[in-house]
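Colleague: Counting from 1, position 152 in the sequence shown corresponds to residue 153 in the working numbering; the numbering is continuous, with no gaps.
Input: one structure, supplied below.
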Amino acid sequence: MILRALTLAGGIIGAGIAAQGPGFSRAYVFELEAAERTLSGVVAHFDAAALAAGTDREAALTRLRGSALLERRRIELIENIERHAALEAQLPRLQTAGPFLRSYYLLRAPDAGALRATAQMFSPTAPRSRAELIFAAIGFIVGTAFARLLLWLPTWPGRYRRRRALRS
2 MILRALTLAG GIIGAGIAAQ GPGFSRAYVF ELEAAERTLS GVVAHFDAAA
52 LAAGTDREAA LTRLRGSALL ERRRIELIEN IERHAALEAQ LPRLQTAGPF
102 LRSYYLLRAP DAGALRATAQ MFSPTAPRSR AELIFAAIGF IVGTAFARLL
152 LWLPTWPGRY RRRRALRS
(Lines of atoms letter the chains of each structure in order from A and count residues from 1; the text may use other names and numbers.)
(Lines give C-alpha, C1' and ligand atoms only; values in the text may rest on other atoms or scores of the structure.)
Protein backbone atom coordinates (compact mmCIF):
# COMPACT_ATOMS: atom_id res chain seq x y z
CA MET A 1 0.00 0.00 0.00
CA ILE A 2 2.83 2.40 0.83
CA LEU A 3 4.55 1.60 -2.48
CA ARG A 4 1.37 2.47 -4.38
CA ALA A 5 1.03 5.75 -2.49
CA LEU A 6 4.65 6.64 -3.21
CA THR A 7 4.22 5.70 -6.86
CA LEU A 8 1.10 7.89 -7.08
CA ALA A 9 3.00 10.74 -5.39
CA GLY A 10 5.77 10.39 -7.97
CA GLY A 11 3.19 10.62 -10.75
CA ILE A 12 1.59 13.71 -9.25
CA ILE A 13 4.95 15.40 -8.82
CA GLY A 14 5.85 14.54 -12.43
CA ALA A 15 2.53 15.95 -13.64
CA GLY A 16 3.01 19.16 -11.67
CA ILE A 17 6.50 19.70 -13.03
CA ALA A 18 5.67 18.83 -16.64
CA ALA A 19 2.55 21.01 -16.67
CA GLN A 20 4.78 24.06 -16.26
CA GLY A 21 6.53 23.40 -19.60
CA PRO A 22 4.27 25.39 -21.95
CA GLY A 23 3.99 28.36 -19.57
CA PHE A 24 7.72 28.43 -18.96
CA SER A 25 8.52 28.25 -22.68
CA ARG A 26 6.02 31.08 -23.34
CA ALA A 27 7.70 33.23 -20.67
CA TYR A 28 11.09 32.31 -22.16
CA VAL A 29 9.99 33.61 -25.58
CA PHE A 30 8.86 36.91 -24.00
CA GLU A 31 12.24 37.20 -22.27
CA LEU A 32 14.03 36.47 -25.56
CA GLU A 33 12.01 39.19 -27.28
CA ALA A 34 12.97 41.70 -24.59
CA ALA A 35 16.65 40.71 -24.79
CA GLU A 36 16.60 40.96 -28.58
CA ARG A 37 15.06 44.46 -28.44
CA THR A 38 17.66 45.59 -25.91
CA LEU A 39 20.58 44.15 -27.87
CA SER A 40 19.16 45.59 -31.07
CA GLY A 41 19.43 49.05 -29.55
CA VAL A 42 22.98 48.43 -28.33
CA VAL A 43 24.14 47.15 -31.73
CA ALA A 44 22.38 49.97 -33.60
CA HIS A 45 23.96 52.56 -31.29
CA PHE A 46 27.42 51.07 -31.83
CA ASP A 47 26.91 50.90 -35.60
CA ALA A 48 25.81 54.55 -35.62
CA ALA A 49 28.87 55.56 -33.60
CA ALA A 50 31.12 53.60 -35.96
CA LEU A 51 29.46 55.25 -38.98
CA ALA A 52 29.90 58.69 -37.40
CA ALA A 53 33.60 57.89 -36.98
CA GLY A 54 33.77 56.94 -40.66
CA THR A 55 34.33 53.19 -40.21
CA ASP A 56 32.32 50.02 -40.33
CA ARG A 57 31.58 47.70 -37.40
CA GLU A 58 34.62 45.44 -37.82
CA ALA A 59 37.07 48.32 -38.17
CA ALA A 60 35.59 50.06 -35.14
CA LEU A 61 35.93 46.86 -33.10
CA THR A 62 39.57 46.48 -34.06
CA ARG A 63 40.27 50.12 -33.14
CA LEU A 64 38.95 49.48 -29.62
CA ARG A 65 42.30 48.25 -28.37
CA GLY A 66 44.88 49.73 -26.10
CA SER A 67 43.88 49.92 -22.47
CA ALA A 68 42.30 47.20 -20.37
CA LEU A 69 39.04 49.14 -20.26
CA LEU A 70 38.82 49.41 -24.05
CA GLU A 71 39.69 45.74 -24.44
CA ARG A 72 36.97 44.76 -21.98
CA ARG A 73 34.45 46.97 -23.77
CA ARG A 74 35.45 45.48 -27.13
CA ILE A 75 34.92 41.93 -25.82
CA GLU A 76 31.51 42.89 -24.38
CA LEU A 77 30.47 44.44 -27.69
CA ILE A 78 31.56 41.35 -29.63
CA GLU A 79 29.57 39.14 -27.24
CA ASN A 80 26.52 41.41 -27.57
CA ILE A 81 26.72 41.38 -31.37
CA GLU A 82 27.05 37.59 -31.47
CA ARG A 83 24.18 37.10 -29.02
CA HIS A 84 22.03 39.52 -31.01
CA ALA A 85 22.67 37.56 -34.20
CA ALA A 86 21.83 34.28 -32.44
CA LEU A 87 18.61 35.72 -30.98
CA GLU A 88 17.57 37.13 -34.35
CA ALA A 89 17.94 33.66 -35.85
CA GLN A 90 16.24 31.84 -32.97
CA LEU A 91 13.34 34.18 -32.19
CA PRO A 92 11.18 33.81 -35.34
CA ARG A 93 11.31 30.03 -35.06
CA LEU A 94 10.18 30.17 -31.42
CA GLN A 95 7.45 32.74 -32.05
CA THR A 96 5.75 30.64 -34.71
CA ALA A 97 6.19 27.27 -32.96
CA GLY A 98 3.47 25.63 -30.91
CA PRO A 99 3.90 24.66 -27.27
CA PHE A 100 5.49 21.27 -27.99
CA LEU A 101 8.05 22.54 -30.50
CA ARG A 102 8.75 25.58 -28.36
CA SER A 103 9.59 23.31 -25.42
CA TYR A 104 11.78 21.18 -27.69
CA TYR A 105 13.69 24.24 -28.92
CA LEU A 106 14.04 25.45 -25.34
CA LEU A 107 15.62 22.17 -24.28
CA ARG A 108 17.79 21.93 -27.39
CA ALA A 109 19.53 25.31 -27.49
CA PRO A 110 18.59 27.72 -24.69
CA ASP A 111 20.02 31.21 -24.33
CA ALA A 112 21.65 31.21 -20.88
CA GLY A 113 20.82 34.82 -19.99
CA ALA A 114 17.18 34.60 -21.01
CA LEU A 115 16.79 31.21 -19.34
CA ARG A 116 18.19 32.56 -16.07
CA ALA A 117 15.93 35.62 -16.19
CA THR A 118 12.89 33.48 -17.01
CA ALA A 119 13.61 31.11 -14.12
CA GLN A 120 13.91 34.04 -11.71
CA MET A 121 10.59 35.63 -12.67
CA PHE A 122 8.51 32.53 -13.48
CA SER A 123 5.79 31.50 -11.06
CA PRO A 124 4.14 28.08 -11.49
CA THR A 125 0.42 27.83 -12.14
CA ALA A 126 -2.18 25.10 -12.40
CA PRO A 127 -2.68 23.65 -15.90
CA ARG A 128 -5.32 25.63 -17.78
CA SER A 129 -4.76 25.00 -21.48
CA ARG A 130 -5.00 21.81 -23.48
CA ALA A 131 -1.23 21.75 -24.02
CA GLU A 132 -0.59 22.06 -20.28
CA LEU A 133 -3.00 19.20 -19.58
CA ILE A 134 -1.27 17.02 -22.17
CA PHE A 135 2.11 17.88 -20.65
CA ALA A 136 0.68 17.03 -17.20
CA ALA A 137 -0.60 13.66 -18.43
CA ILE A 138 2.77 12.82 -19.97
CA GLY A 139 4.50 13.99 -16.79
CA PHE A 140 2.19 11.81 -14.69
CA ILE A 141 3.05 8.73 -16.74
CA VAL A 142 6.78 9.43 -16.69
CA GLY A 143 6.75 10.35 -12.98
CA THR A 144 4.84 7.18 -12.10
CA ALA A 145 7.23 5.02 -14.11
CA PHE A 146 10.27 6.73 -12.62
CA ALA A 147 8.96 6.40 -9.05
CA ARG A 148 8.12 2.75 -9.63
CA LEU A 149 11.61 2.12 -10.99
CA LEU A 150 13.21 3.84 -8.00
CA LEU A 151 11.09 1.79 -5.61
CA TRP A 152 11.81 -1.44 -7.48
CA LEU A 153 15.61 -1.05 -7.66
CA PRO A 154 16.36 -1.75 -3.96
CA THR A 155 14.27 -4.94 -4.04
CA TRP A 156 15.78 -6.30 -7.24
CA PRO A 157 18.81 -8.13 -5.78
CA GLY A 158 16.64 -9.91 -3.21
CA ARG A 159 14.15 -11.04 -5.84
CA TYR A 160 16.95 -12.33 -8.04
CA ARG A 161 18.41 -14.36 -5.16
CA ARG A 162 14.99 -15.70 -4.20
CA ARG A 163 14.28 -16.87 -7.75
CA ARG A 164 17.69 -18.45 -8.00
CA ALA A 165 17.16 -20.29 -4.69
CA LEU A 166 13.78 -21.60 -5.84
CA ARG A 167 15.29 -23.01 -9.05
CA SER A 168 17.91 -25.07 -7.22
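For every residue, glycine included, the Cβ atom is placed at its ideal position computed from N, Cα and C.
Return the CA-CA distance between Met-2 and Leu-152, expressed in angstroms with no decimal places.
Modeller: So the alpha carbons of these two residues sit roughly 13 Å apart.
Colleague: What are the complete alpha helix (DSSP H) segments, minimum 4 residues, inside the region 61-113?
Modeller: Segments of the alpha helix (DSSP H) lying fully in the region 61-113: 69-97, 100-109.
Colleague: Run through DSSP, which three-state label would Asp-57 get?
Modeller: Residue state, collapsed to three classes: coil.
Colleague: Is it a yes or a no for the region 6-16 touching the region 54-70, going by three-plus beta-carbon pairs under 8 Å?
Modeller: Too few Cβ pairs lie closer than 8 Å, so no.
Colleague: Can you tell me the Cα-Cα spacing of Asn-81 and Leu-107, whole angstroms?
Modeller: Going by the C-alpha atoms only, they are around 20 Å apart.
Colleague: Apart from the five residues on each side of it in sequence, which residues of its chain come closer than 7 Å, Cβ to Cβ, to Phe-136?
Modeller: Ala-19, Ala-20, Gly-22, Pro-23.
Colleague: Which two residues bound the contiguous alpha helix (DSSP H) that contains Ala-146?
Modeller: Unbroken alpha helix (DSSP H) run through Ala-146: 131-153.
Colleague: Decide if Tyr-105 is buried, meaning its Cβ has at least 16 other Cβ atoms within 10 Å, or exposed.
Modeller: With fewer than 16 Cβ atoms within 10 Å of its Cβ, Tyr-105 is classed as exposed.
Colleague: In whole angstroms, what separates the C-alpha of Phe-141 from that of Ala-60?
Modeller: The alpha-carbon atoms of Phe-141 and Ala-60 are separated by roughly 56 Å.
Colleague: For the region 23-42 against the region 81-100, do three or more pairs of beta-carbon atoms, one drawn from each stretch, fall closer than 8 Å, so that the two count as touching?
Modeller: These segments touch.
Colleague: Counting only the same chain and skipping the five closest in sequence on each side, list residues whose C-beta sits under 7 Å from that of Tyr-29.
Modeller: Excluding sequence neighbours, Tyr-29 sits near Leu-107, Ala-115, Leu-116, Thr-119.
Colleague: Kindly indicate the opening and closing residues of the alpha helix (DSSP H) around Thr-8.
Modeller: From DSSP, the alpha helix (DSSP H) with Thr-8 extends over 3-19.
Colleague: Can the beta-carbon of Phe-123 be found closer than 8 Å to that of Phe-25?
Modeller: In contact: Phe-123 and Phe-25 (Cβ atoms closer than 8 Å).
Colleague: Is it buried or exposed, Thr-63, if we count other Cβ atoms within 10 angstroms and call 16 or more buried?
Modeller: Exposed, by the Cβ-count rule.
Colleague: Please classify Glu-83 as buried or exposed, where buried requires at least 16 neighbouring CB atoms within 10 angstroms.
Modeller: With fewer than 16 Cβ atoms within 10 Å of its Cβ, Glu-83 is classed as exposed.
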